[in-house]
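Everything in the first sequence is counted per this note's numbering, starting at 1 for the first residue and increasing by one.
Note that beta-carbon positions come from the ideal geometry of N, C-alpha and C, so glycine has one too.
Structure, as structure tokens:
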Amino acid sequence: MAYWLFKSEPDVFGWDDLVAKGDRGEEWDGVRNYQARNNMRAMKKGDLGLFYHSNQGKEAVGICEVSAEIHPDSTTDDPRWECVDVKAVKPLPRFVSLEQAKAEPRLKDMALVKNTRLSVQPVSDEEWAVVMELAGL
DNA sequence: GCCAACGTTGGC
DNA sequence: GCCAACGTTGGC
Numbered sequence: 001m002a003y004w005l006f007k008s009e010p011d012v013f014g015w016d017d018l019v020a021k022g023d024r025g026e027e028w029d030g031v032r033n034y035q036a037r038n039n040m041r042a043m044k045k046g047d048l049g050l051f052y053h054s055n056q057g058k059e060a061v062g063i064c065e066v067s068a069e070i071h072p073d074s075t076t077d078d079p080r081w082e083c084v085d086v087k088a089v090k091p092l093p094r095f096v097s098l099e100q101a102k103a104e105p106r107l108k109d110m111a112l113v114k115n116t117r118l119s120v121q122p123v124s125d126e127e128w129a130v131v132m133e134l135a136g137l
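So, in structure tokens, the structure goes:
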């Protein structure tokens, strides 16, 4: 199983919004970046991801799960853009901030730290384990 | 609100 | 196919 990180601005669509969607989850639409899309193409149903609040909070707040694999993005007619569905699994007992990630040597290569503008990122097994530790899981 | 980083677009 | 111009993201 692979791990990922999904970025969203809480003002637009935050963790609480995903939780409100329940088990059906929500389409991760609106991605217009090839790298991010390619990451979504690689996702399998059941993969887990960190839900990260960009701009406000700047912290990972919860764990979500890929509930549907890649399919066309319903918000555009452009066939290039596809997306997956995600659903909330559980909130993190302790949020893990960007600041913490930057301060943690084991996370120095994390895409979150190195490539701040990428909205859908892969997370390695090792990075996932460290984040879980910081989150109190 | 500013600006750096970076991706995309379009002229040549 | 290169590269300048432009747009967007996201941290600060």
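Output the boundary residues of the beta strand (DSSP E) element that contains residue 69.
-> The sequence position of residue 69 within the first sequence is 69, counting from 1. Start and end: 59-72.
Where do the N-terminal and C-terminal ends of the beta strand (DSSP E) with residue 190 fall, by residue?
-> Any answer about residue 190 is impossible in this case: the structure gives the chain only from 1 up to 137.
Continuous beta strand (DSSP E) stretch holding residue 85: start and end = As a first step, residue 85 is located in the first sequence; it is residue number 85 there, counting from the start. Run containing residue 85: 82-97, per the beta strand (DSSP E) assignment.
Mapping DSSP to helix, strand and coil, what is residue 15?
-> Position 15 of the first sequence holds residue 15. Reduced to three states, the DSSP call for residue 15 is helix.
Determine which residues share a DSSP beta bridge with residue 49 and list them.
-> Translated into the one-based positions of the first sequence, residue 49 becomes position 49. Bridge partners of residue 49: 4, 64.
How many whole angstroms separate the CB atoms of residue 86 and residue 25, which I take to be in contact at a CB cut-off of 8 Å?
-> Here residue 86 refers to the residue found at position 86 of the first sequence. Here residue 25 refers to the residue found at position 25 of the first sequence. Right, the Cβ-Cβ distance comes to about 5 Å (below 8 Å), so this counts as a contact.
Comparing alpha-carbon positions, which option in 97, 81, 113 lies nearest residue 30?
-> Here residue 30 corresponds to residue number 30 of the first sequence, with the count starting at 1. Closest in C-alpha terms to residue 30, from the list 97, 81, 113, comes 81.
Nearest neighbour of residue 125, chosen from 49, 61, 71, 57 [CA to CA] | Mapped onto the first sequence, residue 125 falls at position 125. Comparing Cα positions, the closest option is 49.
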